[in-house]
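Okay, so here's the structure we're looking at.
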Amino acid sequence: MANNTADHPQGNSVAEVDHDGDFGCTMVQLRDLMELRSSEAVGKIAECYGDVQGICRRLKTSPIEGLSENTTDLEKRHAAFGKNFIPPKKPKTFLQLVWEALQDVTLIILEVAAIISLGLSFYHPTGESSDNCGQASGGVEDEGEAQAGWIEGAAILFSVIIVVLVTAFNDWSKEKQFRGLQSRIEQEQKFTVIRQGQVIQIPVAEIVVGDIAQIKYGDLLPADGILIQGNDLKIDESSLTGESDHVRKSLEKDPMLLSGTHVMEGSGRMVVTAVGMNSQTGIIVTLLGATGEDEEKKVKKAKTQDGIALEIQPLKSEEGAESEEKEEKEKKKVNVTKKEKSVLQGKLTRLAVQIGKAGLIMSAVTVIILILYFVIDTFGVQGREWTAECTPIYIQYFVKFFIIGVTVLVVAVPEGLPLAVTISLAYSVKKMMKDNNLVRHLDACETMGNATAICSDKTGTLTMNRMKVVQAYIGDKYYKNVPEPEAINPETLEILVNSISINSAYTTKILPPEKEGGLPKHVGNKTECSLLGLVLDLKRDYQPVRDEVPEEKLYKVYTFNSSRKSMSTVLKNATGPGFRMYSKGASEIVLRKCSHILDASGKLRAFKAKDRDDMVQKVIEPMACDGLRTICIAMRDFTTEPDWDNEAEILNDLTCICVVGIEDPVRHEVPEAIAKCQRAGITVRMVTGDNINTARAIATKCGILQPGEDFLCLEGKDFNQQIRNDKGEVEQERLDKVWPKLRVLARSSPTDKHTLVKGIIDSTVGETRQVVAVTGDGTNDGPALKKADVGFAMGIAGTDVAKEASDIILTDDNFTSIVKAVMWGRNVYDSISKFLQFQLTVNVVAVIVAFTGACITQDSPLKAVQMLWVNLIMDTLASLALATEPPTESLLLRKPYGRNKPLISRTMMKNILGHAVYQLVITFTLLFAGEKLFNIDSGRNSPLHSPPSEHYTIIFNVFVMMQLFNEINARKIHGERNVFEGIYRNPIFCSVVLGTFVLQIVIVQFGGKPFSCTALTIDQWLWCVFIGVGELLWGQLISAIPTHHLKFLKEAGHGIPKGEFPEEELTEGADEIDHGEMELRRGQILWFRGLNRIQTQMDVVYTFQTGQTTVPGALRRQPSVISQHNDAKTVSSPTHVGISSSSLSANSAAAAGPPTPASSSTTGN
480 MANNTADHPQ
490 GNSVAEVDHD
500 GDFGCTMVQL
510 RDLMELRSSE
520 AVGKIAECYG
530 DVQGICRRLK
540 TSPIEGLSEN
550 TTDLEKRHAA
560 FGKNFIPPKK
570 PKTFLQLVWE
580 ALQDVTLIIL
590 EVAAIISLGL
600 SFYHPTGESS
610 DNCGQASGGV
620 EDEGEAQAGW
630 IEGAAILFSV
640 IIVVLVTAFN
650 DWSKEKQFRG
660 LQSRIEQEQK
670 FTVIRQGQVI
680 QIPVAEIVVG
690 DIAQIKYGDL
700 LPADGILIQG
710 NDLKIDESSL
720 TGESDHVRKS
730 LEKDPMLLSG
740 THVMEGSGRM
750 VVTAVGMNSQ
760 TGIIVTLLGA
770 TGEDEEKKVK
780 KAKTQDGIAL
790 EIQPLKSEEG
800 AESEEKEEKE
810 KKKVNVTKKE
820 KSVLQGKLTR
830 LAVQIGKAGL
840 IMSAVTVIIL
850 ILYFVIDTFG
860 VQGREWTAEC
870 TPIYIQYFVK
880 FFIIGVTVLV
890 VAVPEGLPLA
900 VTISLAYSVK
910 KMMKDNNLVR
920 HLDACETMGN
930 ATAICSDKTG
940 TLTMNRMKVV
950 QAYIGDKYYK
960 NVPEPEAINP
970 ETLEILVNSI
980 SINSAYTTKI
990 LPPEKEGGLP
1000 KHVGNKTECS
1010 LLGLVLDLKR
1020 DYQPVRDEVP
1030 EEKLYKVYTF
1040 NSSRKSMSTV
1050 LKNATGPGFR
1060 MYSKGASEIV
1070 LRKCSHILDA
1080 SGKLRAFKAK
1090 DRDDMVQKVI
1100 EPMACDGLRT
1110 ICIAMRDFTT
1120 EPDWDNEAEI
1130 LNDLTCICVV
1140 GIEDPVRHEV
1150 PEAIAKCQRA
1160 GITVRMVTGD
1170 NINTARAIAT
1180 KCGILQPGED
1190 FLCLEGKDFN
1200 QQIRNDKGEV
1210 EQERLDKVWP
1220 KLRVLARSSP
1230 TDKHTLVKGI
1240 IDSTVGETRQ
1250 VVAVTGDGTN
1260 DGPALKKADV
1270 GFAMGIAGTD
1280 VAKEASDIIL
1290 TDDNFTSIVK
1300 AVMWGRNVYD
1310 SISKFLQFQL
1320 TVNVVAVIVA
1330 FTGACITQDS
1340 PLKAVQMLWV
1350 NLIMDTLASL
1360 ALATEPPTES
1370 LLLRKPYGRN
1380 KPLISRTMMK
1390 NILGHAVYQL
1400 VITFTLLFAG
1410 EKLFNIDSGR
1420 NSPLHSPPSE
1430 HYTIIFNVFV
1440 MMQLFNEINA
1450 RKIHGERNVF
1460 EGIYRNPIFC
1470 SVVLGTFVLQ
1480 IVIVQFGGKP
1490 FSCTALTIDQ
1500 WLWCVFIGVG
1510 ELLWGQLISA
1520 IPTHHLKFLK
1530 EAGHGIPKGE
1540 FPEEELTEGA
1550 DEIDHGEMEL
1560 RRGQILWFRG
1570 LNRIQTQMDV
1580 VYTFQTGQTT
1590 VPGALRRQPS
1600 VISQHNDAKT
1610 VSSPTHVGIS
1620 SSSLSANSAA
1630 AAGPPTPASS
1640 STTGN
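Numbering-wise, my numbering puts 1110 at position 631 of the sequence shown, and it's gapless, one number per residue.
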């Protein structure tokens, strides 16, 4: 064929022409070819290249040997056809994150207040020296401090900058962590190719055009290619085309294989023709990227639940994903209860909104009281006139009151909460990596702590997945151990060896041990490896048989799938006409299709139903009761060619060669791990495809079934009979009678697994909704993994499809890692609760002190900057300290919290209020009697801009000391006495407490005017620390009070009961339930912005009450057009809101009206 450099498009560089000149086709030609489908593509290949072999010749590759490992050749291919890498979207820059952090309303209010304060401090009106302005001017000039007025404003601005930088830095490190996780997942994704005749696994990024790739059931194709040879290959192309039917691939009809699609059945080999940005996935990603920022935002918002999943998934087609996501989004709107926010997020959001409201009311009341008091006192009591020259001074007072009010709000809103959640989750995810849990969705880690049920596979999770044939029935004889080859008839042995060697994936091999004295290495399907091991035990070798019959000579292959439960390979007879088919599969299924059996002399003997029952009784059941999997190996000869598509006819009339019992020993650590789960209140169920006796034996060994207990073991078909009605539909009431007692589901199909998981999740039998975790490794486990609250995929045995549907990947396939995940999940929950207990104590005290202090003494005892220090440092550092507590085994000694258990338990409420009482008593004593106790000047009623007093410095210092020691109390939330237990295991906590203490010394001694502090003496310091230590003693006193006597204490932060979305939830339709705004999932922590949300709520509640058409205000923060539209639906739906139908219809009209005003004011977060 002529070298087609002439075909080059104009404008290519010379170098590129040269490179393409080395190959018989250009990148553009191959790209065009890959855009064709089925018969068009076959026609084009035949017309331009002759056949697939022609393409291989042009690409200088051998369909059998593959490419050579020649580096220069690989480099050339990279240069000519590109690399198999799709560059990820650029991460946000630090400045963008800073800008996002600045959007916080509370911070904006503070900035405005600080700037006004700054401006006024530089403005010196003439009237300042006169007495006409009342007490306002008292003492200012005497101190010579008039110039220092700017310091407070500047200090507030400085604090705001620190808050913003901390928030932005957290976002940035979070995003960086995700990128790391993403690249780790991508690096771990390997694919099988043939190079120099050797089958090797290489990272997906190293695949080049011209590589010969081996594809098999469960693979996610990493590049585009054309089929060279295929067995019964079916592909799921829904991620690209949206068609849910599996597409059958063959050389004659449709040989085009596209990246991002899944192999659902069969196996084969393909020549890679397009990689990276030139593959179909790459082209779609480019199109998505090319449509500008707006589109990008839409795509981002359209990523619902799997926000992170999509970012992390390696080389996944985004277009299909996006269209699926949109459909899913539509569905989700209809059925809100589908995988709602994670349990913790739901509770936190509600709690944060409640706290925010309370804070807003308190701060508003504070400002109003301060202004009224000042106005009445100045113009009423003192009877002064408002003169023009005094205006700036009065305004300065009002600004000061405003700043105090904002400060109360800042302290009330727990800004540290999102930070604590983030740090806790990120820390856990990092540590879970070491415990063999690769977390793909952040919230899965916390949901796992609430798990009440685990549905586990057997093979590989509970067992070692190192299979070995230990018993066999050959030639009418039952061998309890593998027989010697001499004991078997030579003809039978020959047939058996051929059947096993040929009727298995050629990728399955047994390699010599890597270390001397180690076990041989099993590659590929473990069951097939055990059969190949049997061939080796019979002193024979499978490789010569495979060399004699290469894959090209296989006439037809029926690959294993979950409905067939068997695999068959057909060969054309070399000598005469006719065909021979070898089959293997689950013994009870294959034996039902056998009409003959080979006897001791290797001759055919009739095999009737009675013989089959005998065999089941005498061979299969005893094997199964020993916990062995039974596999039947059979064959059939055809004299003439049958209709190969008529499977029922073909897989019939078989001749049984032998039945083998395969042992897969239980992992040593599993029984203990299951016992831990049961102690922790988690029910473990085993769902397996094995026969019921094998499953029961293994379940008893693991401890899932205990002797003498009344539990159910069911086979798939019995299970279906019990839960389906006459029409074959699943009925929840029937299912509710079965699942609570069900412990083993054997011979189950993936559909049964999905039905069981869905049934348990939807059930209303218990007090709370069940939280279900599922393990899966097969392609067909995808639906169950997606449906479950937490899906675990196997890192070693799992297929790409299973990994993609999962939330956590178990890198060692071990059940004990799931128990570790439970421990970490509970630890996250407890860490957040610890932080809340600490945070709310600070908040309650600070708000009350600021409020009463302001009302009684006209000035908050804690200045704005001091409050910010308490808020920022105590919040940020405390969230770091309390959120990084390592988990302990004791976490597994209690039952799961469940969805409706409040975040703040009665014990925690007792601690919060108890410590608040101590702190308030101390603070007010110091405020009103401190000057007498310490023999210092009183700081009360000091005029504007007066220098800091020792009195108020001591109050501030004692306040911080009490928080510092209360942080140690907060380490325990279940009323334990020893708060120091395990404190050395957490170096972060120790360093944070010490660090805060050192910073406090610096602030008090050297903070001066900006922090409104003055240096204290050593005696005063010792008293402050002593009062702080009193917190620890007080804590012991509180824990001595039994909680059950304190019935009046309310709990807070309940979960949302099923099917009930209270009024306040309505507004969060698109915001909350749909996760669109849950930026926690996208590595951002600005998901709680208190005031925005309250504002939205106020708007919607107002709309509901008045029936006016002001919904655009209510929809102001909706993320995108789609969610606006959906939110409109949500707002207008008549849920539990008592309003007249007329006002409702007005709302509906407003909500469904043109969204222009809404979209124009869309600000998003």
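Idealized CB from N, CA, C, for every residue including glycine.
Review point. If you check the beta carbons only, do Ala1113 and Leu1083 fall under 8 Å apart?
Key: no
Check your understanding: Along the chain, where does the alpha helix (DSSP H) that runs through Arg569 open and close?
Key -> A small fix is needed here, since residue 569 is Lys in this sequence, not Arg. Unbroken run through Lys569: none, as it is neither H nor E.
Check your understanding: Would Leu941 be called buried (16 or more neighbouring beta carbons within 10 Å of its own) or exposed?
Key -> buried
Exercise for review: Can you check DSSP and say which residues form a bridge with Asn710?
Suggested key: Ser746
**Study point:** Closest by C-alpha distance to Pro1056, when choosing among Asn1004, Asp1116, Leu1033
**Key:** Asp1116
**Study point:** Bounding residues of the alpha helix (DSSP H) (the contiguous stretch that carries Ser1242)
**Key:** Where Ser1242 is concerned, there is no enclosing alpha helix (DSSP H), given that its DSSP letter is neither H nor E.
Check your understanding: Which value, in whole angstroms, describes the spacing of the CA atoms of Asn1445 and Gly1454?
Key -> 14 Å
Review point. Taking Leu712 as the reference, which of Ala702, Gly704, Lys728 has the closest Cα?
Key: Lys728
Review point. For the beta strand (DSSP E) that Cys1192 lies in, which residues bound it at each end?
Key: 1191-1194
Review point. By DSSP, does Glu1547 sit in helix, in strand, or in coil?
Key: Confidence at Glu1547 is low in this model, with a pLDDT of 32, below 50, so its placement is unreliable and the value that follows should be read with caution. Coil, per DSSP.
Check your understanding: Nearest-angstrom Cα distance between Gly1270 and Pro1365?
Key -> 24 Å
**Study point:** Alpha carbon of Asp1143 to alpha carbon of Ser718, nearest angstrom
**Key:** 36 Å
Practice item. Return the CA-CA distance between Gln508 and Tyr528, expressed in angstroms with no decimal places. Key: 11 Å
Check your understanding: Is the beta carbon of Ala702 less than 8 Å from the beta carbon of Lys562?
Key -> no
Exercise for review: Look at the Cβ atom of Ser1491, then the Cβ atom of Val1323, and state whether they are nearer than 8 Å.
Suggested key: no
Point to revise | CA-to-CA distance, Thr1048 to Thr987, given in whole angstroms | key: 15 Å
Exercise for review: Return helix, strand or coil for Ser1080, following the three-state DSSP convention.
Suggested key: coil
Practice item. Under 8 Å by Cβ, that's how I've got Ile1161 and Asn916 pegged, so tell me the actual separation to the nearest angstrom. Key: That belief does not hold up - the Cβ atoms of Ile1161 and Asn916 are roughly 16 Å apart, past 8 Å.
**Study point:** Gly1064, DSSP secondary structure in three states
**Key:** strand
Practice item. Could you tell me the distance, in whole angstroms, from the CA atom of Pro1029 to the CA atom of Glu1283? Key: 33 Å
Review point. So what does DSSP say about Leu917, is it helix, strand or coil?
Key: strand
Exercise for review: Could you tell me whether the stretch 968-984 touches the stretch 1020-1028, using the rule of 3 or more Cβ pairs below 8 Å?
Suggested key: yes
Check your understanding: Are the Cβ atoms of Val521 and Pro734 separated by less than 8 Å?
Key -> yes
Practice item. For Pro1121, count neighbouring Cβ atoms within 10 angstroms of its own Cβ and tell me buried if that reaches 16, exposed if not. Key: exposed
Review point. Hey, Ala951 and Val1139 are a contact pair by Cβ (cut 8 Å); roughly how many whole angstroms apart?
Key: 5 Å
Point to revise | Candidates Arg537, Leu581, Phe877: closest to Thr752 by CA position | key: Arg537
Practice item. Can you say whether Gln649 is buried or exposed, counting buried as having 16 or more other CB atoms within 10 angstroms of its CB? Key: Checking the sequence shown, residue 649 turns out to be Asn, not Gln. The residue is buried, with at least 16 neighbouring Cβ atoms inside 10 Å.
Exercise for review: Please say whether Arg1175 and Cys1192 have beta carbons closer to each other than 8 Å?
Suggested key: yes
Check your understanding: So, using beta-carbon positions, are Met943 and Arg1146 closer together than 8 Å?
Key -> yes
**Study point:** Status (buried if at least 16 other CB within 10 Å, exposed otherwise) for Glu1151
**Key:** exposed
Check your understanding: Given 8 Å as the limit, is there contact between the stretch 1460-1470 and the stretch 1360-1379, that is, 3 or more CB pairs closer than that?
Key -> yes
Point to revise | Glu868 classed as buried or exposed, judged by whether at least 16 other C-beta atoms fall within 10 angstroms | key: exposed
Review point. On the premise that Gly838 lies in contact with Leu888, defined as a C-beta separation below 8 Å, what is that separation, rounded to the nearest angstrom?
Key: 5 Å
**Study point:** Bridge partner(s) assigned by DSSP for Lys947
**Key:** Glu1142
Practice item. Please classify Asn960: is it buried, with 16 or more other beta-carbons within 10 angstroms of its beta-carbon, or exposed? Key: exposed
Point to revise | Straight-line Cα distance separating Ile1452 from Val1251 | key: 26 Å
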